[in-house]
Amino acid sequence: MKRHSAGHWLQVVGVGHGAIGAVIYRDVFADMVRGNLLNSVPDRGDRAAAFWFMAAAPTLWMGGRLLRSAEEHKDIPAQRAAGVVLTAVGVTGTAVMPKSGFPTLVGIGGLLLRRSLRG
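All residue numbers for the sequence shown refer to the working numbering, where the first residue is 381 and numbers rise by one.
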């Protein structure tokens with residue numbers, strides 16, 4: 381059985397983030413679509429939270445895709461850097477938002493660090 385890469389799992393997190401955001405913020409997005417979308421997201425509030433939550437989804441997916449490329453090309457420094465960043469963001473996010481998906485980033489970052497330090 382083939383072992384999935386850390387990049388694969390980060391892409392899965394990105395897709396999951398988008399799906400969860402679409403459900404959690406469906407009323408906010410419905411309200412936005414009913415009105416004029418241009419200049420419809422303020423600096424704070426429900427619309428801002430929904431927008432930034434959803435903005436993270438493609439960013440996570442793209443990071444996972446780039447990480448898969450680094451894994452395929454055995455770019456150990458890139459994998460190690462990704463591991464450090466994902467672990468740091470995951471630990472910080474978990475500390476300030478324990479009921480969130482941030483622990484997933486700790487796991488993926490830790491996996492990357494373990495593999496990159498071994499390799």
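Just so it is clear, CB atoms sit at the ideal spot from N, CA and C, and this is done for glycine as well.
Among G394, A436, A450 and Y405, nearest to G425 - alpha-carbon criterion: As a first step, residue 425 is located in the sequence shown; it is residue number 45 there, counting from the start. Comparing Cα-Cα distances from G425 to each of G394, A436, A450 and Y405, the minimum goes to Y405.
Just tell me which of A429, K454, V421 and A461 has its CA closest to the CA of G401. Translated into the one-based positions of the sequence shown, residue 401 becomes position 21. When only C-alpha atoms are compared, the closest one is A429.
Once DSSP output is grouped into helix, strand and coil, what is the label at G481? Mapped onto the sequence shown, residue 481 falls at position 101. DSSP places G481 in coil when its eight states are reduced to three.
Evaluate contact between the stretch 437-454 and the stretch 473-484, counting only Cβ atoms and requiring at least three cross-stretch pairs below 8 Å. no
What is the rounded straight-line gap between the Cα of V421 and the Cα of G415? One-based indexing of the sequence shown puts residue 421 at position 41. One-based indexing of the sequence shown puts residue 415 at position 35. So the alpha carbons of these two residues sit roughly 11 Å apart.
For T467, count the other beta carbons within 10 Å of its own beta carbon; 16 or more makes it buried, fewer makes it exposed. Which is it? The residue given as residue 467 occupies position 87 in the sequence shown. By the 10 Å Cβ count, T467 comes out buried.
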